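S.K.: Sequential numbering of the sequence shown, starting at 2, is according to this note's numbering.
Every residue, glycine too, gets a C-beta built ideally from N, C-alpha and C.
Small disclaimer: the values here were computed from a predicted structure and weren't measured.
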Amino acid sequence: MDVPMLRLSADDLCTAIAGIDPVPVLAAELMAMGGTAAAEPGARWGEPFGAFAVLEDTSAGGRCALPVAALRAYRAAALTALAARHLLAPGVVTASVIGSGLAARLQMMVIARHVPDVSHIAACAVNGDRDLPVWTGVVDQLDHAGIELAVTNHVDEAVFGANLVAITGCDADLVRVDHLSKGAVVVNATGRDLPDHLVDGANQVYVDDSTRMGSAAHRHFARTVAHGSSSARRHDGIEADLGAVLIGEHPGRTRVDHVLLVELLSPNALDLALACLVHRAALVLGLGGFDAEEPAGPPSTTTTRSGS
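Below, the structure written as structure tokens:
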């Protein structure tokens, strides 16, 4: 195609999301049957290339190549914020982000912006990382919001006193937690099993989208935690999905001291509605660069959802 295409980097996406609240978008999707909201008018996914997903957004007047890893990590972070809003007990929030790289960066940014009453974030790198990069933009954001930041390489130090724990792409064998605070919400955004002791220590297990439970039957949480129910929104192995909580079909937290585990079953999903928001914000802010060429690299095998 000879239509110029806006190409965004991961840094561009991190800048574009400053004025976006992704939580209502995901809430609408999860409340809809099957977790998929109505299609975005004038928007669809084009043929993906390499590390980029190509959005064809005629409502905004063009195409946009978005980095797949950043878009996925942004959605996972938004799901963390959504879970925190609806499953945390009222009060001050002390958060812990376990992981490193772009996924951890976006978790910190989204938690700071979209989870109310956060007073402290502890960041912990694992997988053998000697140091956890702390990005200037994130530090400035936290400072502006009055949120204290601590950095450590020890998981137990990071989760000590935390009532919101977000775990990103890391080796589960390194995530040894001797104690979780009463009332904590733990969000597993890795797409892989957490250590058995973390799953077994949860009083309730939730998922983002129960329609994906079939692909998670092998997971530890699905094998060992059983809450039988006749509700279409509940399955063996989970208490409920977030959609059921949002529409009031399930009350969510029932005891202030329970530890809740939220397993994200769609950490690799691409979200059309979020991509449109990022694209349109980038246009307003003048981010990225226009390129008549497609992004280099072989076509991606990424499976898309939400309006695809």
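His121 bridges to which residues according to DSSP?
M.R.: Its beta-bridge partners are Thr95, Glu149.
S.K.: Do the segment 82–99 and the segment 246–255 make contact, defined as three or more Cβ pairs closer than 8 Å?
M.R.: A contact exists between the segment 82–99 and the segment 246–255.
S.K.: For a test of the three-state rule: what should DSSP assign to Val55, helix, strand or coil?
M.R.: Looking at Val55 - three-state DSSP - the assignment turns out to be strand.
S.K.: Buried or exposed for Glu264, please, with buried defined as at least 16 other CB atoms from any protein chain shown within 10 angstroms of its CB.
M.R.: Classification of Glu264: buried, given that the 10 Å Cβ count is 16 or more.
S.K.: Residues in its own chain within less than 7 Å of Ala163 by CB, not counting five upstream and five downstream?
M.R.: Excluding positions up to five away in sequence, the list reads Thr95, Ala96, Ser97, Ala123, Ser182, Ala185.
S.K.: Between Ala104, Ala283, Ala146, Ser267, which has its C-alpha nearest Ala78's C-alpha?
M.R.: The candidate whose alpha carbon is nearest that of Ala78 is Ala104.
S.K.: Spatial neighbours of Asn189 within its chain, please: CB distance less than 6 Å, with the 5 preceding and 5 following residues excluded, ordered by chain position.
M.R.: Hits under 6 Å: Ile168, Leu195, Glu264.
S.K.: Gly102 bridges to which residues according to DSSP?
M.R.: According to DSSP, Gly102 bridges with nothing at all.
S.K.: How many whole angstroms separate the CB atoms of Ala159 and Ile99, which I take to be in contact at a CB cut-off of 8 Å?
M.R.: About 6 Å separates the two Cβ atoms, so the contact holds.
S.K.: Excluding the 5 residues preceding and the 5 following Cys277 in the sequence, name in chain order all residues of the same chain whose CB lies nearer than 6 Å to its CB.
M.R.: The residues are Glu41, Ala44, Asp58.
S.K.: Please identify the residue among Val135, Pro268, Asp201, Gly51 whose C-alpha is closest to the C-alpha of Asp179.
M.R.: Minimum Cα distance to Asp179 is reached at Asp201.
S.K.: Using the C-alpha atoms, what's the distance from Met32 back to Ile248?
M.R.: Answer to the nearest angstrom: the Cα atoms are 6 Å apart.
S.K.: Considering only the beta carbon of each residue, do Phe291 and Leu7 sit closer than 8 Å?
M.R.: Cβ distance < 8 Å, so Phe291 and Leu7 count as in contact.
S.K.: For Arg220 and Arg193, I'd like the C-alpha separation in whole angstroms.
M.R.: So the two alpha carbons sit approximately 8 Å from each other.
S.K.: Using CA atoms only, rank isn't needed, just tell me which of Val156, Ala274, Gly47, Leu271 is closest to Arg177.
M.R.: When only C-alpha atoms are compared, the closest one is Val156.
S.K.: My understanding is that Asp13 touches Ala283, with C-beta atoms under 8 Å, so please give their C-beta distance in whole angstroms.
M.R.: Right, the Cβ-Cβ distance comes to about 6 Å (below 8 Å), so this counts as a contact.
S.K.: Please give the ranges of any beta strand (DSSP E) in the segment 154–218, keeping only runs that are unbroken, at least 3 residues long and fully inside the region.
M.R.: Here the runs fully enclosed are 165–168, 186–189, 205–208.
S.K.: Kindly indicate which three-state DSSP category Ser230 falls into: helix, strand or coil?
M.R.: Interpretation of Ser230 is limited by its pLDDT of 37, a score under 50 that renders its predicted location unreliable; no figure is taken from the coordinates.
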